[in-house]
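Accompanying notes for the structure given below.
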Amino acid sequence: QQQVKQSPQSLIVQKGGISIINCAYENTAFDYFPWYQQFPGKGPALLIAIRPDVSEKKEGRFTISFNKSAKQFSLHIMDSQPGDSATYFCAASLIQGAQKLVFGQGTRLTINP
Amino acid sequence: ETGVTQSPTHLIKTRGQQVTLRCSSQSGHNTVSWYQQALGQGPQFIFQYYREEENGRGNFPPRFSGLQFPNYSSELNVNALELDDSALYLCASSTYRGTNEKLFFGSGTQLSVL
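So the protein lines, in turn, are chains A and B.
Counting along the first sequence from 1, when you hit position 68 you're at 101 in this note's numbering, and nothing is skipped either side.
Counting along the second sequence from 1, when you hit position 83 you're at 1332 in this note's numbering, and nothing is skipped either side.
What follows is the structure, given as structure tokens:
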């Protein structure tokens, strides 16, 4: 019940296109769903996060869509740029407590110029 | 930059040896968590330390242990290294009873076990 499944494993998008990454979780107690961006040689950095009381959150070109009944959430990157090329991880946890984040397997995103 | 620093950045050990990794937390953060990230995988929670005591542990054997010091810096120790221990080890700092929204990762230590 602690798994977070992420797809696709890799994604290639043309510059200016929309990148979409999907995640599914099992534990209905989870109440915090962040997305992290990781560049080679760096640690994960928080990109955007959502709580289950809203269905969508937008920050600039990045949008999280959340479907509580399906236990799924997704990251949309609008107007994708070459600088967005990185590995993206979804995660889930309880917002309080031991702060144990359960991560998905990651998606390697490549934006072609 | 997150203000979380880890050392060394890279390390090569042989099977059976012991290793110590170090982490300096972001200023004002009193809690440190350690994660293991195998190649091509997401990070996995190892354990968390607060007030120099272990405060939550993931599915890792006892040969993975840690310390937290009064200045909130931390060490991760791994005994009897195995080939599968080769991974990027990430330290993350936060405030206790703070939310996961305030979790900051360092750049990690890349450990190779030969």
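Backbone N, C-alpha and C define an ideal beta-carbon position, used for all residues, glycine too.
Please state the DSSP three-state secondary structure of residue i.
i         : result
A:Lys101  : coil
A:Leu108  : strand
B:Lys1262 : strand
A:Pro77   : coil
A:Pro67   : strand
A:Lys48   : coil
A:Leu142  : strand
A:Lys90   : strand
B:Leu1332 : helix
A:Gly116  : helix
A:Lys133  : coil
Is the beta carbon of residue j closer than 8 Å to that of residue i?
i         : j         : result
A:Lys48   : A:Ser118  : no
A:Lys101  : A:Ala57   : no
A:Phe66   : A:Ile83   : yes
A:Leu142  : A:Tyr121  : yes
B:Ser1322 : B:Ser1256 : no
B:Val1253 : B:Ser1342 : yes
B:Gly1315 : B:Glu1302 : no
B:Ile1295 : B:Gln1285 : yes
B:Leu1338 : B:Gln1317 : Here residue 1338 of chain B turns out to be Tyr, not Leu, going by the sequence shown. The answer is no: Cβ separation not under 8 Å.
A:Cys123  : A:Phe106  : yes
A:Ile51   : A:Ile110  : yes
B:Gly1291 : A:Gln138  : yes
A:Pro146  : A:Pro115  : yes
A:Gln39   : A:Ile53   : no
A:Gln19   : A:Glu59   : Residue 19 of chain A is absent from the structure shown; chain A starts at 34 and stops at 146.
From which residue to which residue does the beta strand (DSSP E) around residue i run?
i         : result
B:Ala1336 : 1336-1343
B:Gln1323 : Sequence inspection shows Ser at residue 1323 of chain B; the Gln mentioned does not correspond to that position. Residues 1323-1327.
B:Gln1359 : 1358-1362
B:Arg1306 : 1302-1306
B:Phe1296 : 1293-1299
B:Leu1270 : 1268-1273
B:Val1281 : 1280-1286
A:Ala119  : 119-125
B:Leu1316 : 1313-1317
A:Gln39   : 37-40
B:Ser1256 : 1254-1256
Using a Cβ-Cβ distance under 8 Å, would residue i count as near chain E?
i         : result
B:Ser1322 : In summary, chain E is missing from the structure at hand, where the protein chains are A and B.
- Message: So, does the stretch 1262-1269 of chain B touch the stretch 1325-1333 of chain B, judging by three or more C-beta pairs under 8 Å?
- Response: yes
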